[in-house]
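Asker: Residue numbers (the working numbering), protein chains in the order written: chain A, 1 to 136; chain B, 137 to 916; chain C, 917 to 1041. Once you've had a glance at the structure underneath, I'll fire off some questions.
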Amino acid sequence: MSSLILRTAVPLLVSLMVVFSIFVLFRGHNLPGGGFVGGLIAASGLAVYMIASGPAAVRRALIIHPIGVAGIGILAAALSGVLALFVGGPYLTGLWWLPDNIDIKIVATPVIFDIGVYLTVVGSVAAIALELEEWR
Amino acid sequence: MISQAVLTCFALALFAPFIHQLMRSHSGWVLAIFPASLFVHFLGYVPGVAAGETYREAMPWVETWGVYLSFYVDGLSLVFALLITGIGALIIFYTGGYLAGHPHQGRFYGFMLAFMGSMLGLVLADNLIALFVFWELTSVTSFLLIGFDHQRERARRAAIQALFVTAGGGLAMLAGFVMLGAATGTMEMSEILAGGSLSAHRLYMPILLLVLAGAFTKSAQVPFHFWLPNAMEAPTPVSAYLHSATMVKAGVYLLARMSPALGGTDLWATILPIFGGATLIYGTLLGLRQTDLKLMLAYTTVASLGLLVMLLGLGSEYALLAAALYLIAHSFFKGALFLVAGCVDHQTGTRETVRLGGLMRAMPITAFAALLAGLSMMGIPFFFGFLAKEVIYEATAYADNMWLLTTVAVVGNGLMFTIAALVAWGPFFGRRMETPKAPREGSLYLWLGPLALAVLGLAFGAYPHIPQDLFVTPVASAIAGYEVHHATFPTIPKMGLPLILSGVTVAFGLFIFLIAGWVRAFLNAAGQRMWGPDRGSDQFLAALDFLSRTLVGLLQTGRLRLYITVTLVVLAITLGVPIIAYGLFPSEISVPQAPFHVYGVLLLTVVGALALMFARSRLQAILSMGVTGISVALLFLLFGAPDLAYTQFMVETLSVVIIALVLLRLPVDTYDSRHILPSLRDAAIAGAVGVFFTVLLIAVTARPMDLTLTDYFAAHAYVSAHGRNIVNVILVDFRALDTLGEIVVVMVAGLAALALIKIRRGKLVPPGNGASPDDERGAS
Amino acid sequence: MEPLFAIVIGIMFAITVFLFLSRSFVRIVLGIFMLSNATHLLIFTAGRLTFESPPLIPYDQSVPIEAIANPLPQALILTAIVISFALFAFVLILTYRAYQELGTVDVDEMNASEPRAAASEEAAE
């Protein structure tokens, strides 16, 4: 698409969408949001980028193949559960790092799992969209 | 220890082919060491069992369903276990010579040992489900062994037929077992038997009939006898082991085992002697018709099994003692004779009695074994078989239907005498005949087994109190369910009715032997081209085959619309039948109170859906889908599901991208190309499904809801999982394994879409060169 | 509220079935879209409807105090939405591929060209 306005606005818009998607991902544990929605938002950001600058630019931005991103996501989600086996719980038991003096609840296996979900959704949807765009 | 004994059989079966490769010509005796040591192990139980003790051990299997891998040793199961391991050792040893050089000898050992494990499990199992599993395992291993020579069509047919009959009977038996479990509240046989007779229970008759179906098919009772003679397609060690000494007795074992619980009723005492007696006479008559050594023996096995069933049906103390005696005696002489028949076949190249004669000089040891076993089978004094026959007559002569039963027993035994003489005497004595191979004595492998069994028959006959004290009385007690007072039957016959009957039997048998050729001709003429269950089973299978072909032709037409229609009609019926049967139609629908905009969104959903149905162009369709999707998202938002709403909004956005990329490339529009009549029919199906879904959902939501899980998640989301969004906590923590599976599905869908796109046009149906796309991708 | 939802869901299922029975493969794909939406609403309604109270725990509480919407069906539907989207994309592409190969989206005409593909597959074996 050759609209100058779109091409100028898109980098800003897309980076905003991706940042927002990550915000939604981490917000998900306490408020509406999470890996699935976050992943879909990021994927639509990539779709906008693709429409404006073409699929090749998106592929460059992603560095690795989108299905590879999805694979990393599944790997992260699957491995996040392995840790529990070492402390004697069943597979995928949530483990939390809860220090006494500071109130953070973000270093935890369920969060890693959610990041895995996010990456899988982004990767799979982006892969389909990119292939379709390049399909002649 | 009992379970290990059973399970190691299977383990060894797995390794038997490798052991054979390692040992080559020595594999026979090396592998025989294992069953022999098991035999010794089980001998260790003999003193305790003879003193009236029982042993039981159990380990959990499927505990929630009450299935235990439990084993039980009493007189009955111990004697069977000894026969299985003892004869098993001899047979494995014999195989070392009989199949020497056969390319699949190792596999054969594996099958045999697997069978041995199954059979041991069958007779030792205490749990009914475990017994059933072992029961079917013997059917499966028997199938493998009958079809061992799988290149021959006849062997394959016999294997399928045997599996079909015995495994089918096993299924009936399973149904009986389940009812038995329901009637008694336990699946452990020892507890059922301790509970006494079930004859008063209202499920008694179905249980008995189903269990009998299992026992009669396995033990080849008329009219299920036909598979056993056909099973003679198997190599001779199999015939001797499975189809005479052990597996076919599983039915007899089951009847004996169940006798305290199911026996003693009029029904039992009517069915068993009728079927048993008919099988005895029918088996001997058919056996007399044959000229093939193995077939003659096979039919006498059928007859012997009938005799055993008849005795179990009588149920008196003498009858049970006779059954126990005959059970052991039969295993010895029939096993030996089968092995002899195998020897003769192996060394001369033929099993036809009419082509065999005068082998005594060439094969003296085999002839000696045959003579001993034959005399035991004929029931000549000083042999174990004679003792069995005496007690049989003791039992029949004092039964209620004395005349009929005694006549049946005398005729049956007499004909068996004749066949024994034909098998054991005919080939070895008389005029020397030309055989395909020049006969000479087989190796140690070939004659040790039959000789050992035959000599044992004589030894037990000579010292009758040993087997009677150690084996026969415990077996009879186990069958009876109480201590049977044993009177030792002496070697030297004493004068009495049984002895007279024995004399009559011998005279009758001798008479028939002398006119055997004439009798055979007569029987052949009578039995020519007669329809029997053997052909019947073929016709039944052919009919099944035809039915399935017709059905497949009818249903698998390759027409997508037919498949979809059938599926959806079935859906409508499945939804509709319970609704109509239980009268779930709501009597009144209350108009709910809700803000105006809720009605608006619901209306929008319906409008979007209807617009999609009537969409004539792609653009209309895309728009209608958007309307439907967004209004569903709004509904989620209104009813407390923001997560769902956001996800649905995002999906709608992305859908537009995907649809735009695909659908706009398709140069087709979405108008309905159906004619009016098919349209009406489809609308009727659609309407039915819609109405049923509505009614079902109203009925479901009108009922109280179980909120156990919801309450648990709500109570623990923050306390245990440190999250305030319960939906997200369920997804990534409580049910994370589900989510893991689901994201895998998402990725697989992405991969599949990619693969579809990557296949270039024209590669799917290659013109002429014949390579399918899968091959190409596999190769690259 | 549930009976009203049930009626809407019934209409959506009826439309799904009607679309499925069409001759055009494209309309069957539209039916798949409608089927997933109808099913999501069905599960949602079967878990009972609660108006405007999302399943969130307030910041000063450790358990929800008021009646909240049932979170369990929501968790089920959330993944179902994403999966049905992926499936829908797949079916769309499948339709287009089928059109490329067979030159039609009419299921009856597709059926007529099926034996050709089957025969060549058999030849390949």
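Heads up, the beta-carbon is just placed ideally off N, CA and C, and yes, glycines get one too.
1. Given this structure, state the Cα-to-Cα distance separating B/L887 from A/G68, to the nearest angstrom.
2. Is it true that the CB of C/A983 sits closer than 9 Å to the CB of C/T966?
3. Run through the DSSP bridge pairs and tell me what B/F207 is partnered with.
4. What span of residues does the alpha helix (DSSP H) with C/L951 cover, start to end?
5. Just by C-beta distance, which residues in the stretch 52-77 of chain A are closer than 9 Å to chain B?
6. Would you check if there are 3 or more beta carbon pairs closer than 8 Å linking the stretch 36-44 of chain A to the stretch 120-135 of chain A?
7. If I follow the unbroken alpha helix (DSSP H) through B/R293, where does it start and stop?
8. Would you mind telling me which residues of chain B sit closer than 7 Å to A/T120, beta carbon to beta carbon, in chain order?
9. Could you tell me which residues DSSP pairs with B/E324 in its beta bridges?
10. How would you call A/P110, buried or exposed, if buried means at least 16 neighbouring beta carbons within 10 angstroms?
11. Quick check: is the beta carbon of B/K470 nearer than 9 Å to any beta carbon in chain A?
12. Any idea which residues DSSP pairs C/D1022 with across the strands?
13. Return the chain-ordered list of same chain residues with a C-beta closer than 7 Å to the C-beta of B/L348, the five sequence neighbours on each side being excluded.
14. Would you list, in sequence order, the uninterrupted alpha helix (DSSP H) runs of no fewer than 4 residues that lie entirely inside the stretch 464-535 of chain B?
15. Using a Cβ cut-off of 7 Å, pull out every chain A residue sitting near C/A1005, in sequence order please.
16. Closest by CA to A/G38, which one among A/G116, A/G81, A/E133?
17. Excluding five sequence neighbours on each side, which residues of the same chain lie with their C-beta closer than 6 Å to the C-beta of B/A557?
18. Check the Cβ of C/E968 against every Cβ in chain B and list those closer than 8 Å, keeping chain order.
19. Classify B/L424 as buried or exposed, calling it buried when 16 or more other Cβ atoms lie within 10 Å of its own Cβ.
20. Work out the CA separation of B/A308 and B/S335 for me, nearest whole Å.
21. Could you tell me the alpha carbon to alpha carbon distance between B/P371 and B/E570, rounded to whole angstroms?
22. So what does A/W96 bridge to, in DSSP terms?
23. Say whether chain B places a C-beta atom closer than 9 Å to the C-beta of A/G28.
24. Would you list the residues sitting across from C/L972 in a DSSP beta bridge?
25. What first and last residue would you give for the alpha helix (DSSP H) that runs through B/A745?
26. Report the rounded CA-to-CA distance for B/V956 versus B/L740, giving the unit in angstroms.
27. Strictly below 8 Å CB to CB, what residues from chain C border B/M918?
28. Beta-carbon separation of C/F1004 and C/F949 under 9 Å?
29. Bridge partners for B/V198 per DSSP, in chain order?
30. Would you kindly check if the distance between the Cβ of B/F520 and the Cβ of B/F469 is under 9 Å?
31. Tell me the DSSP secondary structure of B/D428 in three-state form.
32. I'd like to know if A/S124 contacts chain C, where contact means its C-beta is closer than 9 Å to some C-beta of that chain.
33. Is there contact here, the stretch 320-338 of chain B with the stretch 391-398 of chain B, by at least three beta-carbon pairs under 8 Å?
34. Does B/A217 have its Cβ less than 9 Å from a Cβ in chain C?
35. Where does B/M660 fall in DSSP's three states?
36. Which residues mark the beginning and the end of the alpha helix (DSSP H) in which B/D847 is found?
Answerer: To lay it out plainly:
1. 11 Å
2. yes
3. B/E193, B/A261
4. 941-962
5. P66, I67, A70, G71, G73, I74, A77
6. yes
7. 289-320
8. I879, V882, M883
9. B/N263
10. buried
11. no
12. C/S940
13. I407
14. 500-514, 520-533
15. I128
16. A/G116
17. F649
18. L774, F775, G776
19. buried
20. 20 Å
21. 24 Å
22. A/A108
23. yes
24. B/N861
25. 732-750
26. With chain B covering only 137 through 916, there is no way to say anything about residue 956 of chain B.
27. Chain B is shown only over 137 to 916; residue 918 of chain B falls outside these bounds and no answer can be derived.
28. yes
29. B/V203
30. yes
31. strand
32. yes
33. yes
34. no
35. Checking the sequence, you will find Asn at residue 660 of chain B rather than Met. It is helical.
36. 844-852
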